[in-house]
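Engineer:
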Amino acid sequence: MKFQAYMQHHQNQYTALSAILIAAAYLSQFGLHYQQGYTAAMIAASILAAIPIMRRAYQALRVGVISIELLVSIAVIGAFLIGEYNESAIVTFLFLFGSYLEQRTLAKTRDAIKTLTELTPATAELLHSDGTTETVDLDDVEKGDHVLVKTGATVPVDGTIINGAGYLNEAVITGESVPVTKQTGDTVFTGSQVHNGTLTIEAAKVGDDTTFGKIIELVEDAQDAKSKTESFIDRFAQYYTPAVLIIALIVYLTTQNFSTAITVLVLGCPGALVIGAPVANVAGIGNGAKRGILLKGGAVMDDFSKIDTFMFDKTGTLTMGNTAVTQVKTYTSNSNMALSLLAGAEKLSDHPLGKAVIAYVADKGLAYQNLTVTDNNTIKGQGLVADISGHHVLVGNQALLTANHIALTPAQKFDLAEIQNDGNSVIIETVDDQLALIVGVADVVRPEVKTALQALHGHGAKHLVMLTGDNQATANSVAAQIGIDEVRAELLPEQKVAVIKAAQAAGRRVAFVGDGINDSPAIATADIGIAMGSGTDVAIETSDVVLMQSSFQALVHAFALAKKTVRVTKENIALAIGVVIFLLVGLILGVIYMASGMFVHETSILIVILNAMRLIRFGKLPMTQPKQSATPVENHP
Numbered sequence: 001m002k003f004q005a006y007m008q009h010h011q012n013q014y015t016a017l018s019a020i021l022i023a024a025a026y027l028s029q030f031g032l033h034y035q036q037g038y039t040a041a042m043i044a045a046s047i048l049a050a051i052p053i054m055r056r057a058y059q060a061l062r063v064g065v066i067s068i069e070l071l072v073s074i075a076v077i078g079a080f081l082i083g084e085y086n087e088s089a090i091v092t093f094l095f096l097f098g099s100y101l102e103q104r105t106l107a108k109t110r111d112a113i114k115t116l117t118e119l120t121p122a123t124a125e126l127l128h129s130d131g132t133t134e135t136v137d138l139d140d141v142e143k144g145d146h147v148l149v150k151t152g153a154t155v156p157v158d159g160t161i162i163n164g165a166g167y168l169n170e171a172v173i174t175g176e177s178v179p180v181t182k183q184t185g186d187t188v189f190t191g192s193q194v195h196n197g198t199l200t201i202e203a204a205k206v207g208d209d210t211t212f213g214k215i216i217e218l219v220e221d222a223q224d225a226k227s228k229t230e231s232f233i234d235r236f237a238q239y240y241t242p243a244v245l246i247i248a249l250i251v252y253l254t255t256q257n258f259s260t261a262i263t264v265l266v267l268g269c270p271g272a273l274v275i276g277a278p279v280a281n282v283a284g285i286g287n288g289a290k291r292g293i294l295l296k297g298g299a300v301m302d303d304f305s306k307i308d309t310f311m312f313d314k315t316g317t318l319t320m321g322n323t324a325v326t327q328v329k330t331y332t333s334n335s336n337m338a339l340s341l342l343a344g345a346e347k348l349s350d351h352p353l354g355k356a357v358i359a360y361v362a363d364k365g366l367a368y369q370n371l372t373v374t375d376n377n378t379i380k381g382q383g384l385v386a387d388i389s390g391h392h393v394l395v396g397n398q399a400l401l402t403a404n405h406i407a408l409t410p411a412q413k414f415d416l417a418e419i420q421n422d423g424n425s426v427i428i429e430t431v432d433d434q435l436a437l438i439v440g441v442a443d444v445v446r447p448e449v450k451t452a453l454q455a456l457h458g459h460g461a462k463h464l465v466m467l468t469g470d471n472q473a474t475a476n477s478v479a480a481q482i483g484i485d486e487v488r489a490e491l492l493p494e495q496k497v498a499v500i501k502a503a504q505a506a507g508r509r510v511a512f513v514g515d516g517i518n519d520s521p522a523i524a525t526a527d528i529g530i531a532m533g534s535g536t537d538v539a540i541e542t543s544d545v546v547l548m549q550s551s552f553q554a555l556v557h558a559f560a561l562a563k564k565t566v567r568v569t570k571e572n573i574a575l576a577i578g579v580v581i582f583l584l585v586g587l588i589l590g591v592i593y594m595a596s597g598m599f600v601h602e603t604s605i606l607i608v609i610l611n612a613m614r615l616i617r618f619g620k621l622p623m624t625q626p627k628q629s630a631t632p633v634e635n636h637p
């Protein structure tokens, strides 16, 4: 065992020494004209390089596998028997050099994982109840402990800020490089960098249970998971290698030419075929990981590339998931006073629409906090009646106006209907029994969605569908803004699943995009489930693809990346098969020999590796998102 470990650890040194011996052999022959030195150096190079190859062939045979290394081993022994030491030396060196290139490339494509793991701090600053701090190993931190994180440090746990505020870079979680503001009550994630500020964090998750830990585990598992193509190639290689042995035997029995039979063994090695698919998948998955896109393995990559129908949840996916004021129609000469009174009334309520109004009024810099409320009454299903700073204010729906005998003019009714038809929820305000404002509040559509949906079409998506539990009018309004192909509204979660199953029964390959929480059944049912969310447990565990940045730009990149990865895999397979055919035909025609054939063979391995490495830099996904805000339309008399 120690010898095997030593051999494996020093294989690159064996490769380098073999190259030096081959160079010395040619120097001895052509420079010094010393034939014995040439032969001795080639024999030494052959033996040195053959040892690790034969060791791997033996290990494979012990478990019943006829490996590529066995072909090379037999070829080397045959070359020795016929005295072609230069052929055996070059064959073994090129084979080891190909393994070296493969290792280097796989290591490079796994840099995303290495970078992630290096971002996890080894220690944490534990804050005790008496105010003292202690530096402890991260493994010693437990759930509920208080951890102090200062400017320039890395957050070591998932948790909640209980004291302090600052700017954090959460790129390792979301792919978003722009720092975000965090304050007391906000959630923070392991791996986030504190740009400035000092935070006290109560640990909720530690170690492998953190979102960051799960991301690392998922990407590692994904890069090890085989695609359908890789699995097929593995099965193919089990039959291909014995077939080459039989062909070589037939060639020898037919031609009685031992050298030609040995050459068949060498040139028949499907090295590029074996490496072409896995290196492409690892590179593609690494590309996604660097951008906050988790693709769970080669099989997911294959299936995702075949998607022709995307189905989307509306709230939190196509839209921001946060209500905002979108339209304001004013029927008073003092709109600022009316808005202040509206906010003064809404602060008495915890309704989400009221919070949107308060945020809108606060953004305008209007004073409402000091307004005096002398009486207020909430009327279920209608709204709120209040006396505020000497004014009698009604805030609610049309039923509230009717109950208080306030009628709208035809023009005002038209405005009300227009706002509602645009998919808004409506707040009506009267001041001293006179209509003052009609305010439209809606969930804001993500600004990049329309362009992203067009890009999905451009990459091969044939049908885009919205599935929502919202009302039909609101759904139609959102669909009109973004260019969706089909709208299915007022659906319960189980009805969304039924729609997906019906599309699958019709022969469509369906991807469902949701927030990963209430849409979990639909995500699990679709051929590809895609969660747009900032690292919730359900999003990570349920879906096939996780977009940590919650960005449609990331969705488009992931779809294009899947298609590109599968395309590169097919290119590599075609090249590998083509090279084997070319070499065998060239051998039959007498224009290819062992050394030249092995050079072409190993060059093909290098080409498929370089082709796969293009995936590492594929795409130019912006690492920042456009500012997401609503610009209300205000109408004044």
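Under full-length UniProt numbering, the residue at position 424 of the sequence shown is numbered 424, and the numbers go up by one with no gaps. Where is the CB? At the ideal position from N, CA and C, for every residue including glycine.
With residue 146 as the anchor, note down where its beta strand (DSSP E) starts and where it stops.
Structural biologist: Stepping through the sequence shown from its first residue, residue 146 is reached at position 146. Residue 146 -> beta strand (DSSP E) spans 146-149.
Engineer: Just the C-alpha distance for residue 287 and residue 366, rounded to the nearest angstrom, thanks.
Structural biologist: Your numbering for residue 287 matches position 287 in the sequence shown. Your numbering for residue 366 matches position 366 in the sequence shown. C-alpha separation (whole angstroms): 47 Å.
Engineer: Can you give the Cα-Cα distance for residue 512 and residue 187, rounded to whole angstroms?
Structural biologist: Here residue 512 refers to the residue found at position 512 of the sequence shown. Here residue 187 refers to the residue found at position 187 of the sequence shown. Roughly 27 Å between the two C-alpha positions.
Engineer: Looking at the strands, I want to know which residues DSSP matches up with residue 180.
Structural biologist: Mapped onto the sequence shown, residue 180 falls at position 180. Answer is 168.
Engineer: Under the three-state reduction of DSSP, which class applies to residue 322: helix, strand or coil?
Structural biologist: The sequence position of residue 322 within the sequence shown is 322, counting from 1. Residue 322: strand per DSSP, three-state reduction.
Engineer: What's the gap between the Cα of residue 18 and the Cα of residue 60?
Structural biologist: Reading the sequence shown from its first residue, position 18 is the one you call residue 18. Reading the sequence shown from its first residue, position 60 is the one you call residue 60. Near 24 Å, if we compare the C-alpha coordinates of residue 60 and residue 18.
Engineer: Between the Cα of residue 364 and those of 307, 374, 335 and 530, spot the shortest distance and give me the residue it belongs to.
Structural biologist: By one-based count along the sequence shown, residue 364 stands at place 364. When only C-alpha atoms are compared, the closest one is 335.
Engineer: With a floor of 4 residues, list each alpha helix (DSSP H) that falls wholly inside the region 532-609, ordered by position along the chain.
Structural biologist: If only uninterrupted alpha helix (DSSP H) runs of at least 4 residues are considered, those enclosed by the region 532-609 are 537-542 and 552-589.
Engineer: In this structure, what does DSSP give as the bridge partners for residue 511?
Structural biologist: To locate residue 511, count along the sequence shown from 1; it is residue 511. Answer is 310 and 528.
Engineer: Pairs of beta-carbons, one from the region 139-146 and one from the region 196-206, closer than 8 Å: are there three or more?
Structural biologist: The answer is yes - the region 196-206 touches the region 139-146, with three or more Cβ pairs under 8 Å.
Engineer: If contact is defined by three or more beta carbon pairs under 8 Å, each pair taking one atom from either stretch, is the region 335-348 in contact with the region 459-471?
Structural biologist: no
Engineer: Could you say which of 441, 312 and 401 lies nearest to residue 360 if we only look at CA atoms?
Structural biologist: Residue mapping note: residue 360 aligns to position 360 of the sequence shown, counting from 1. When each option's Cα is compared against that of residue 360, the closest is 441.
Engineer: Using 8 Å for Cβ pairs, my map puts residue 147 next to residue 126. What's the rounded Cβ distance?
Structural biologist: Within the sequence shown, residue 147 is the residue found at index 147, counting from 1. Within the sequence shown, residue 126 is the residue found at index 126, counting from 1. Correct: roughly 6 Å between the Cβ atoms.
Engineer: Applying the criterion that 16 or more other CB atoms from any shown protein chain within 10 Å of the CB defines a buried residue, is residue 62 buried or exposed?
Structural biologist: Residue 62 sits at position 62 when you count from the first residue of the sequence shown. Counting Cβ neighbours within 10 Å, residue 62 comes out exposed, since fewer than 16 surround it.
Engineer: Cα-Cα, which of 475, 616 and 97 is closest to residue 605?
Structural biologist: As a first step, residue 605 is located in the sequence shown; it is residue number 605 there, counting from the start. It is 97 whose Cα lies nearest to the Cα of residue 605.
Engineer: Output needed for residue 74: all residues of its chain with C-beta closer than 6 Å, excluding positions within five of it in sequence on either side, in chain order.
Structural biologist: The count along the sequence shown starts at 1 and reaches residue 74 at position 74. Hits under 6 Å: 265.
Engineer: Please return the same chain residues whose Cβ sits closer than 6 Å to the Cβ of residue 484, not counting the five positions on each side in sequence.
Structural biologist: Position 484 of the sequence shown, counting from 1, holds the residue named residue 484. The answer, listed in chain order, is 464 and 466.
Engineer: Kindly list the residues whose CB is nearer than 8 Å to the CB of residue 258, restricted to its own chain and excluding five residues on each side of it in sequence; keep chain order.
Structural biologist: Residue 258 sits at position 258 when you count from the first residue of the sequence shown. Excluding residues within five positions, the ones whose Cβ falls inside 8 Å are 78, 81, 82 and 252.
Engineer: Secondary structure at residue 265, three-state DSSP: helix, strand or coil?
Structural biologist: Indexing the sequence shown from 1 puts residue 265 at position 265. Residue 265 falls in the helix class under three-state DSSP.
Engineer: Does the region 310-325 come within contact of the region 573-590, defined as at least 3 CB pairs closer than 8 Å?
Structural biologist: no
Engineer: On the DSSP bridge list, what partners appear for residue 426?
Structural biologist: Taking the sequence shown and counting its residues from 1, the one referred to as residue 426 is at position 426. Its beta-bridge partners are 440.
Engineer: Do you know offhand how far residue 437's Cα is from residue 457's?
Structural biologist: Looking up residue 437 in the sequence shown gives position 437. Looking up residue 457 in the sequence shown gives position 457. In a straight line, the C-alpha of residue 437 is about 41 Å away from that of residue 457.
Engineer: Could you check how far apart the C-beta atoms of residue 487 and residue 506 are, in whole angstroms? I think they sit under 8 Å.
Structural biologist: Stepping through the sequence shown from its first residue, residue 487 is reached at position 487. Stepping through the sequence shown from its first residue, residue 506 is reached at position 506. With 8 Å as the limit, residue 487 and residue 506 do not qualify as a contact, their Cβ atoms being about 18 Å apart.
Engineer: Between residue 273 and the rest of its own chain, which residues show a CB-CB distance below 7 Å, the 5 nearest in sequence each way excluded?
Structural biologist: Reading the sequence shown from its first residue, position 273 is the one you call residue 273. Answer for residue 273: 233, 573, 576 and 577, listed in chain order.
Engineer: Counting C-beta neighbours from all protein chains within 10 Å, is the total for residue 370 16 or more, i.e. buried, or is it exposed?
Structural biologist: Translated into the one-based positions of the sequence shown, residue 370 becomes position 370. That one is exposed.
Engineer: Just reading off the alpha helix (DSSP H) that residue 457 is part of, what are its end residues?
Structural biologist: Residue numbering aside, residue 457 sits at position 457 when the sequence shown is read from its first letter. 449-458 is the span of the alpha helix (DSSP H), which, as asked, contains residue 457.
Engineer: Would you mind listing the beta strand (DSSP E) stretches within the region 180-208 that are 3+ residues and don't spill past its ends, in chain order?
Structural biologist: Under the rule that a run must span 3 or more residues, the beta strand (DSSP E) segments found entirely inside the region 180-208 read 180-182 and 193-205.
Engineer: How about residue 565 and residue 284: are their beta carbons less than 9 Å apart?
Structural biologist: On the sequence shown, residue 565 is found 565 positions in, with the first residue counted as 1. On the sequence shown, residue 284 is found 284 positions in, with the first residue counted as 1. Between residue 565 and residue 284, the gap from beta carbon to beta carbon is short of 9 Å.
Engineer: Which one of 444, 435 and 402 has the shortest CA to CA distance from residue 422?
Structural biologist: Here residue 422 corresponds to residue number 422 of the sequence shown, with the count starting at 1. With distances taken between CA atoms, residue 422 lies nearest to 444 out of 444, 435 and 402.
Engineer: What did DSSP end up calling residue 504 once you bin it into helix, strand or coil?
Structural biologist: By 1-based counting over the sequence shown, the position of residue 504 is 504. Here residue 504 sits in helix by DSSP.
Engineer: How is residue 84 classed by DSSP in three states: helix, strand or coil?
Structural biologist: For the purposes of this step, residue 84 is identified with residue 84 of the sequence shown, where counting begins at 1. Residue 84: coil per DSSP, three-state reduction.
Engineer: Is it buried or exposed for residue 491, if we count other Cβ within 10 angstroms and need 16 for buried?
Structural biologist: The count along the sequence shown starts at 1 and reaches residue 491 at position 491. Per the 10 Å Cβ criterion, buried.
Engineer: Which residue comes first and which comes last in the beta strand (DSSP E) that contains residue 124?
Structural biologist: As a working mapping, residue 124 is identified with position 124 in the sequence shown. Segment 123-127, the beta strand (DSSP E) holding residue 124.
Engineer: Determine the burial state of residue 307: buried for a count of at least 16 other Cβ atoms within 10 Å of its Cβ, exposed for fewer.
Structural biologist: Here residue 307 corresponds to residue number 307 of the sequence shown, with the count starting at 1. Burial call: buried.
Engineer: If residue 583 sits next to residue 267, beta carbons under 8 Å apart, how far is it from one beta carbon to the other, in whole angstroms?
Structural biologist: One-based indexing of the sequence shown puts residue 583 at position 583. One-based indexing of the sequence shown puts residue 267 at position 267. So it is a contact: roughly 4 Å between Cβ atoms.
Engineer: With distances taken from CA atoms, which of 72, 521 and 197 is nearest residue 163?
Structural biologist: Here residue 163 is taken as the residue at index 163 of the sequence shown, counted from 1. Checking every option, the nearest Cα to that of residue 163 belongs to 197.
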